[in-house]
Amino acid sequence: MASKTAPAAASGTTRRAIAGMILAMALIESLSGVTQGYLNPILPALGPVFDIDDPTINGIFLISNVSFAVLTPIISRLGDSYGYRLVLRWSTGVVTLGVLQMALWPSLWTVTIGVVMLTCVVGFIPLMMGILRVSSPGHTRTGVSVMIGMLMIMVGAGGLFAGIAGVTNPTLGFWVAVPFAVVAFISSFLLPDAGVPTREGIALAPLLACSLGLIGFVVALSMAPEWGWLDARTLIAGLLGVSLLAYWARRDFSATQRRRFMDLRMLAIPRIRSISVATFFFGFASISYFGTNGIFLHSNPDKTGYGFGLSPLMIAIVLALASVLSLVSSLLTARVLRRFGERATLVFAGLLLAGGFLVMILAHGTLSGYCVGFAMFNLSLGMYQAGTRSLSVEGVPLQETSTAAGLNELALSVGIAVGAAVVKLLSSASVESGRITEAGLLSIWGALAVAALIAAAASARYPKRENAEVSV
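Dropping the structure here:
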């Protein structure tokens, strides 16, 4: 992994310039949060508007999940090769066009295409981390904490705003993201042109193998509960996906390979390997739960024996309030990392997440008890998202910053997909009269708690750093 180019870090950067750069990055990331949050209340309500059924709506969500997984490594790799700011501008521009077309001409086709365009937000954090690490490496952790805090709060706010705007007509909710898209696109021109692109070509064969492999793998996991785990479609998609991913890994991990898509040899670095494993299980144990959380809060206790019968708007309010806790924990993460150390911080985040599910198991009979568990969940969410992303690039050459961050995002995306598949499997195995049983919910909470403990165990293997980058 020898450096072929030496991105020159900006010298003499003033504190005001750094603060302005981080503010611009936070505004760009706000678009990512809104677009990831506002679709949740909009898409399920589009059935009567577009005359489509639930499987079609689920198909749009599936397309979104697949696009997230596929575009994550591609955009990150392009950033290292052709420049962080350039690729970020193009990514922001594509997302802005997607937001505008969905708002101006809402239809099944424009929404489907727009959902794919919106997934370009996966490159925002890796690309901005590249700019930040080159421009001011000592502020990387702080910058990431601010970006993740903005992401967390805007995911909740986006869903709430869209739910309010779309009360009478769900397509009006698409307008929520328009002002954020315009501000983000303008902000992308305010960032410095940091680093020297490697101009290294991307090997086409491993790129296609990675992309098609991810498509097959995610489709198999997402559709298996509906198709059946032994259905020919599930088996073909899954086996083909795993085979292509194995081919990609062998090609890009080879020491003799001259051109590669992503340099997977960075996984040989113990800290990168432990962070990647921890990120996978953190994603498995957390973000995959949001769908079940909505089902639980909305369920009528007189019919199901659990839940609190909350309306969609009340659920959106709960999520928005909970996102404030994620905002606070993410903003404090840089200070916690410096005070208590990387290993202790991530282990605590894993134990806190597992503890949240344990509280849900023991106290889900009351709204206050459940909210305590969900509060622990959200505190852990902000902490691990900021912590793992900050640490994912420490220990790799500057010119591979975006790729390393993208590898971490890929681990998160795949972890979410696997976790969602497990949650769906447990749900399908415990259904009575079309509803998940309380025993099924307990099994979901238990499985996610175990995954959180595995994330904590993987974090415990993070080595102490001898030459840490100074971060504030």
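Going from the sequence shown to the numbering used here is simple: count from 1 and add 3.
Note that beta-carbon positions come from the ideal geometry of N, C-alpha and C, so glycine has one too.
Rounded to whole angstroms, the separation of the alpha carbons of S257 and G297 is 44 angstroms. Following the DSSP letters along the chain, one finds P304 inside the alpha helix (DSSP H) bounded by residues P304 to T307. DSSP places E441 within a helical segment (H, G or I) once states are collapsed to three. Inclusion of F183 and T95 in the CB contact set at 8 angstroms is not warranted, their separation being larger than that value. DSSP lists R438 as the bridge partner or partners of E435. I447 is a Cβ neighbour of V426, given a cutoff of 8 angstroms.
Per the C-alpha coordinates, the member of L247, L300, G359 and P109 positioned closest to G310 is L300.
Rounded to the nearest angstrom, the Cβ distance from G216 to L247 is 3 angstroms, consistent with a contact under 8 angstroms.
Taking 8 angstroms as the cut-off, the Cβ atoms of G241 and V158 do not count as close. If you ignore the 5 residues before and after V149, its C-beta comes within less than 6 angstroms of the C-beta of I25 and A29, all in its own chain and listed in chain order. Taking all protein chains shown into account, S277 has 16 or more neighbouring C-beta atoms within 10 Å of its C-beta and is therefore buried. The residue among S371, A389 and L330 with its C-alpha nearest the C-alpha of M155 is L330. Ranked by how close their Cα comes to the Cα of L135, the residues L34, W93 and A27 have A27 in first place.
Between V73 and I218, the beta carbon gap of about 6 angstroms places them in contact (Cβ cut-off 8 angstroms). Secondary structure note for I128: its alpha helix (DSSP H) is the uninterrupted segment F127 to S138. Under the three-state reduction of DSSP output, N411 falls in the helix class. Leaving aside the five residues that flank L270 on each side, the residues in its chain whose CB is nearer than 6 angstroms to its CB run, in chain order, R276. Note on geometry: alpha-carbon atoms of W230 and S431 lie some 12 angstroms from one another. Between the stretch 174–182 and the stretch 90–109, the count of C-beta pairs closer than 8 angstroms reaches three or more; the two stretches touch.
A buried status is given to A455, since no fewer than 16 other beta-carbon atoms sit within 10 Å of its beta-carbon. In this chain, the alpha helix (DSSP H) harbouring M28 covers R18 to I45. Excluding five sequence positions before and after N381, the CB atoms of its chain that fall closer than 6 angstroms to its own CB belong to A325, L328 and S329, given in chain order. A direct Cα-Cα distance of roughly 9 angstroms separates S79 from E403. For I31, the closest alpha carbon among the candidates L46, R18 and I128 is that of I128.
A206 carries a coil assignment under DSSP once its states are collapsed to helix, strand and coil. At the C-beta level, V125 and Y41 stay beyond 8 angstroms of one another. Classified as exposed, I239 has fewer than 16 neighbouring CB atoms from the shown chains inside 10 Å of its CB. Just so you know, the alpha carbons of L89 and P400 end up roughly 20 angstroms apart.
Using a 10 angstroms sphere on the CB of R346, the tally of other CB atoms reaches 16 or more, which defines it as buried. For W112, the enclosing alpha helix (DSSP H) begins and ends at L111 to L121. Under the three-state reduction of DSSP, E397 is assigned to coil, being neither helix nor strand. The continuous stretches of alpha helix (DSSP H) do not include F264, and DSSP gives it neither H nor E.
Proximity to S314 across L111, S214 and G166 peaks at G166, based on C-alpha coordinates.
In this model, G86 and P76 are separated by some 15 angstroms (Cα to Cα). Counting every other CB atom within 10 Å of its CB across the protein chains shown gives R262 a total below 16, marking it as exposed.
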